[in-house]
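Chemist: Pasting a structure below so you can have a look.
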Amino acid sequence: MKLSTSLSLILALSAPGFAIAQSGDMKSMDMGKMAEGTAPKAMRHQATGVVKAVDPVKGTVTLAHGPVKSLQWTAMTMRFAVKDKTLFDQLTGDKKVTVEFVKQDVDYVVTAVK
Ligand SMILES: [Cu+2]
Numbered sequence: 013m014k015l016s017t018s019l020s021l022i023l024a025l026s027a028p029g030f031a032i033a034q035s036g037d038m039k040s041m042d043m044g045k046m047a048e049g050t051a052p053k054a055m056r057h058q059a060t061g062v063v064k065a066v067d068p069v070k071g072t073v074t075l076a077h078g079p080v081k082s083l084q085w086t087a088m089t090m091r092f093a094v095k096d097k098t099l100f101d102q103l104t105g106d107k108k109v110t111v112e113f114v115k116q117d118v119d120y121v122v123t124a125v126k
């Protein structure tokens, strides 16, 4: 009797804890701030490269960038999404830039231009 009581107590205590951990994980996908510094998803990367093309309407920039160690990328030319339209002020053709970017779902999103 005593054993089954403590068992159900353990179950009752651990079940909600599990649910909280799960919803916390879900939230970190939307709220990058909460996961910042802990989850790889929220990690900021930096790349230096030359602006090859910009599409402010679609909100994308094509960069010929050098190696990105944090992602084990070699140099390549690729398209990034651009988080804020005001960043296009600094993203002009053939300009050499250093950008900060994060992975967001399947996209790499530029969050800052230096
Ligand atoms: Cu790349």
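Residue numbers (our numbering): 13 to 126.
Think of the CB as a built atom: it goes at the ideal place given N, C-alpha and C, for glycine as much as any other residue.
#1: Taking 9 Å as the cut-off, decide whether the C-beta atoms of Ala93 and Gly71 are in contact.
#2: Bridge partners for Ala59 per DSSP, in chain order?
#3: Leaving out five residues before and five after Val63 in sequence, what residues of the same chain have Cβ atoms less than 7 Å from its Cβ?
#4: Identify, in the order they occur along the chain, each residue of the same chain with its Cβ nearer than 8 Å to the Cβ of Lys97, setting aside the five sequence neighbours on each side.
#5: Compute the Euclidean distance between the alpha carbons of Lys81 and Arg56, then round it to the nearest angstrom.
#6: With a CB to CB cut of under 8 Å and the five nearest residues on each side skipped, what residues in its chain are close to Val121?
#7: What would DSSP say about Leu99, mapped onto helix, strand or coil?
Modeler: If we stick to the structure as given:
#1: yes
#2: Val111
#3: Val73, Leu75, Leu103, Thr104, Gly105, Asp106, Lys107, Val109
#4: Pro68, Gly71
#5: 12 Å
#6: Closer than 8 Å at the Cβ level, and outside the excluded window around Val121, lie Phe92, Ala93, Val94, Lys95, Phe113, Val114, Lys115.
#7: helix
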